[in-house]
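Here's the structure, in structure tokens; my notes come after.
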Amino acid sequence: MESFKGLFDHYNYVVTIVLMIAGLYIVIARGNMIKKLVGLMLFQTSVYLLYIAPGKVIGGTPPVLDAKFTVYSNPLPHVLILTAIVVGVATIALGLALVTRIHEAYGTIEEDEIFARDEQE
Amino acid sequence: MSALTAQLPGLQVVIPLLGAVVAAFIRRGTIAWGWATLITAMTPIVAFALLIQVWTGGPISYHMGGWPPPIGIEYRVDLLNAFVLVLVSLVSAIMMPYARRSVAHEIDGDKQAWFYCMYLLCLTGLLGITITGDAFNAFVFMEISSLSSYVLIAMGRDRRALVAAYQYLIIGTIGATFYVVGVGLLYLVTGSLNFADIALRLGEASAVYPRPVLAGLAFLFVGISLKLALFPLHVWLPNAYAYAPSFATAFLAATATKVAIYLLLRVIFSIYGVALDLKTLPVSAVLYPLSIAAMFIASILAVYETNLKRMLAYSSVAQIGYITLGIALMNQAGLTGGIVHLFNHALIKGALFLALGAILYRAGTIKLEQLGGVGRTMPLTCAAFVVAGMSLMGVPGTAGFISKYYLIVGALNAGMWPIAFLIVASSLIALVYIGRAVEVAYFRPVSSAVAHAKDPPLLMLVPLLVLAFASVYFGIDTELSAGVAGRVAETLLSGLKVGGAN
Amino acid sequence: MKFDLILRVGVKLMIPFMLLFALYVQLHADYGPGGGFQAGVITAGAVIVYALIFGIEEAQRVVPKRLVELLVPLGVLIYAGTGLLGILFGKNFLDYSVLGANPPLARERGILFVEIGVLLTVSSTMVALFYAFSERGR
Chain A
226 MESFKGLFDH YNYVVTIVLM IAGLYIVIAR GNMIKKLVGL MLFQTSVYLL
276 YIAPGKVIGG TPPVLDAKFT VYSNPLPHVL ILTAIVVGVA TIALGLALVT
326 RIHEAYGTIE EDEIFARDEQ E
Chain B
60 MSALTAQLPG LQVVIPLLGA VVAAFIRRGT IAWGWATLIT AMTPIVAFAL
110 LIQVWTGGPI SYHMGGWPPP IGIEYRVDLL NAFVLVLVSL VSAIMMPYAR
160 RSVAHEIDGD KQAWFYCMYL LCLTGLLGIT ITGDAFNAFV FMEISSLSSY
210 VLIAMGRDRR ALVAAYQYLI IGTIGATFYV VGVGLLYLVT GSLNFADIAL
260 RLGEASAVYP RPVLAGLAFL FVGISLKLAL FPLHVWLPNA YAYAPSFATA
310 FLAATATKVA IYLLLRVIFS IYGVALDLKT LPVSAVLYPL SIAAMFIASI
360 LAVYETNLKR MLAYSSVAQI GYITLGIALM NQAGLTGGIV HLFNHALIKG
410 ALFLALGAIL YRAGTIKLEQ LGGVGRTMPL TCAAFVVAGM SLMGVPGTAG
460 FISKYYLIVG ALNAGMWPIA FLIVASSLIA LVYIGRAVEV AYFRPVSSAV
510 AHAKDPPLLM LVPLLVLAFA SVYFGIDTEL SAGVAGRVAE TLLSGLKVGG
560 AN
Chain C
1043 MKFDLILRVG VKLMIPFMLL FALYVQLHAD YGPGGGFQAG VITAGAVIVY
1093 ALIFGIEEAQ RVVPKRLVEL LVPLGVLIYA GTGLLGILFG KNFLDYSVLG
1143 ANPPLARERG ILFVEIGVLL TVSSTMVALF YAFSERGR
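Sequence lines, in order, name chains A, B and C.
Convert by adding 225 to the 1-based position in the first sequence; the result is the number in our numbering.
Convert by adding 59 to the 1-based position in the second sequence; the result is the number in our numbering.
Convert by adding 1042 to the 1-based position in the third sequence; the result is the number in our numbering.
What follows is the structure, encoded as structure tokens:
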């Protein structure tokens, strides 16, 4: 029972891990290049959660200084993840751009078909 | 002057960054090349100035925006990263003149300027990873360099370059994300992102949270290993190197993996080694088998490869095995061997890939079976290839010999003579694959593809010869390579929690 | 969609407010949530909605491709230039204290300049991405 309680107390980590494994599974198991990118996005999102969730201080307010409040949430994880989100957007955009070009060059975005076409050459 | 000296760590990254931004305004390939060459030429000057400063005066700490660490981002230059900075910037500066003809030959006119912009951005990222003392900042620079290198690879002429870039993007992003997860776990237990500060707090944190600390190491290790193409995680590398434009291949082979290895050294020796006893962590136990597997399996794959670029790419995986073996040994000679091989391998692989680029430029192919007799029609290029190839095997008197000598001494000092034997044995496989190329180049009748080929123009030939010469020169004068590497190893080992005993 | 009256009029009414809201998010970020990233995406959103309804040619007449390609590096240049001011005046890179007499004023200015750079780069990058993808396959 003790371990179940631990899971519920740290449910944010449970969600993080589920997202992470799901994303990684899609990247590995799917042959469709767009689906792989979707998996990659899910995988990155889990990391955002890993950083952001512990940054919340219970009872804390947003970190804008005001005489009425003394407890603030930690703003640093948000800043870090803002950067990571931008990096993630850039990665996905570049990945999609590559998929577009691959589709133009090969006429398909299924990995096994692409490898088959390369084999023929 | 002193005001400028104090700014050197900042300038090391700011110069190529501004260079990349300005290059994005340029539309003509030749002008962009001139600009990129100028910017690249400035970086080794800064790097050497930093190395001298660190060599005489000890580590430098530069506070971004005037915020002191651990709150602000710190650029921290010590002997290890000053050495890597010199390596990366110097090799890039030597290679730059080569780029013009090669890039003009392989990339469409309207995309050339973008190529140089991406190259400068990649250089910024690599120098940034090396110089920063902040774990998250290192991630941002890692992604800057990775994203631009995907573009560099995708610019290859072959459509397979696109698939190679895509695969590298997937694996590279997973690697970087693993790295961030590792950093995140360390941040959760220590509350800091500064390498030195994490190291300071990690010992205490690991007593309270042993599992996240260990999991953090695993994530960092796997993430960085994906980037540096440690053996079973190397699958992205052969295709990426094979189909990228020649200059991009040479540049990435000489610098990108080396910077990833630097980051691994930093994580193992400057964070975990300082805070915990490395003997209790499974670092060596993982690195030994993987390194040895890399040395043999990748070398054997190289023997059976007929595309010369892919052959050298597999050879890169094998050579990275030597470097990680040096890290696994964790004694003075072994670590010196690993670090000095980092330096030597960059020169050797740079020279070899430039030679292949020159052959591709003149003969239009790098398929082994079509290159019969190329040694006679392109004498200087092939001579450089042979010299660098000998250095790769570790023939006495070349740079490769120095690294292998230190590695073997390190293995013997650690009391592991079978490893010393394996190092020699795997070098013989390098003899086979380089020898096969030499046999085709010199002892076969001249084939139709290379009949009208001749040595490339001077602008391409000189960087190639300089790098080939360097791969011999650093086998004779070892002050810059082994001398610095020895002191780096000494500092790293003396900083460990339980001293650098064998 | 080009000839759907409600969409055309609705979007025409919306776009000025979107741009205004972007400016609000950009400039009010000193006192509340917001900043260059968010404002940049909202600005780009306005252009993209316009392109969706009125067609990409019409959008490129208003926001030409060349301008977009110029703005991407320009934003970074503003950012890096702000940082470089620190070095020029003998302080570290990105040290805002050289921009004003007292620290709060100097920081406010520094952050303002940097955020303008971020706004330009983010918005133009988003539009550039949209243009690049929507022009493919025609």
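Cβ coordinates follow ideal geometry from the N, Cα and C atoms, glycine included.
Query, Result
"For Ser120 (chain B), list the residues DSSP reports as bridge partners.", "B:Arg135"
"Can you say whether Val499 (chain B) is buried or exposed, counting buried as having 16 or more other CB atoms within 10 angstroms of its CB?", "buried"
"If you check the beta carbons only, do Met437 (chain B) and Tyr157 (chain B) fall under 7 Å apart?", "no"
"Just to confirm the assignment: which complete beta strand (DSSP E) runs, minimum length 3, are found wholly within the region 1121-1162 of chain C?", "none"
"Confirm, please, whether the CB-CB distance from Leu275 (chain A) to Thr241 (chain A) is below 7 Å.", "yes"
"What do you get for Glu329 (chain A), buried or exposed, if any count of 16 or more other CB atoms within 10 angstroms of its CB means buried?", "exposed"
"What's the gap between the Cα of Arg503 (chain B) and the Cα of Val362 (chain B)?", "18 Å"
"In the DSSP assignment, what residue or residues form a beta bridge with Asp193 (chain B)?", "B:Asn253"
"What residues from chain A crowd round Ala1071 (chain C), counting only those whose CB sits closer than 9 Å?", "Simply none; closest approach about 11 Å."
"Hey, is the region 1161-1168 of chain C in contact with the region 90-102 of chain B, meaning 3+ C-beta pairs nearer than 8 Å?", "no"
"Examine chain C for any beta-carbon lying closer than 7 Å to the beta-carbon of Thr325 (chain A), and answer yes or no.", "yes"
"Using a Cβ cut-off of 7 Å (strictly closer), state whether Leu1047 (chain C) contacts chain A.", "no"
"Express the C-alpha separation of Asp1046 (chain C) and Ala1174 (chain C) in angstroms, rounding to a whole number.", "25 Å"
"Considering only residues of the region 300-337 of chain A, which uninterrupted alpha helix (DSSP H) runs meet the minimum length of 4 residues and lie entirely inside it, listed in chain order?", "301-331"
"Taking only the alpha-carbon atoms, compute the straight-line gap between Thr333 (chain A) and Leu419 (chain B) and give it to the nearest angstrom.", "29 Å"
"Less than 7 Å separating the beta-carbons of Gly380 (chain B) and Phe460 (chain B)?", "no"
"Between Pro297 (chain B) and Ala372 (chain B), how many whole angstroms is the CB-CB distance? I'm expecting something under 8 Å.", "4 Å"
"Residues in its own chain within less than 7 Å of Gly1142 (chain C) by CB, not counting five upstream and five downstream?", "Ala1148, Arg1151"
"Where does the unbroken alpha helix (DSSP H) through Gln71 (chain B) begin, and where does it stop?", "67-82"
"Just the C-alpha distance for Gly431 (chain B) and Gly184 (chain B), rounded to the nearest angstrom, thanks.", "40 Å"
"How should His404 (chain B) be labelled, buried or exposed, when 16 other C-beta atoms within 10 angstroms of its C-beta is the threshold for buried?", "buried"
"Do Ser462 (chain B) and His400 (chain B) have their C-beta atoms within less than 7 Å of each other?", "yes"
"Have a look at Thr115 (chain B) and Pro1146 (chain C) and give me their C-alpha separation to the nearest angstrom.", "39 Å"
"7 Å is my cut-off, CB to CB: does Ala1122 (chain C) come that close to chain B?", "yes"
"Could you pull the start and end residues of the alpha helix (DSSP H) that Tyr420 (chain B) belongs to?", "391-422"
"Going by DSSP, which residues form a beta bridge with Tyr297 (chain A)?", "A:Thr286"
"Is there a C-beta anywhere in chain C that falls below 7 Å from the one on Ala43 (chain B)?", "There is simply no residue 43 (chain B) to check, as chain B begins at 60 and stops at 561 in what is shown."
"If you compare alpha carbons, which of B:Ala442, B:Thr314, B:Ile320, B:Arg216 is closest to Thr424 (chain B)?", "B:Arg216"
"What does a CB cutoff of less than 8 Å around Ile259 (chain A) pick up in its chain, not counting 5 residues either side in sequence?", "Leu321, Val324, Ile334"
"When DSSP labels each residue in this structure, what does Lys281 (chain A) get in the three-state scheme?", "coil"
"Please give me, in chain order, every unbroken run of the beta strand (DSSP E) with length at least 3 that falls completely inside the region 306-335 of chain B.", "none"
"Quick one: what's Lys426 (chain B) bridged to in DSSP?", "B:Asn366"
"What does Gly243 (chain B) reach in chain A if we use C-beta pairs closer than 8 Å?", "Val272, Leu275, Tyr276"
"In the DSSP assignment, the alpha helix (DSSP H) including Tyr300 (chain B) goes from what residue to what residue?", "295-302"
"Would you say Arg1178 (chain C) reaches chain A, if we count a Cβ-Cβ gap shorter than 7 Å as a contact?", "yes"
"Tell me Asn257 (chain A)'s beta-bridge partners as DSSP assigns them.", "A:Glu335"
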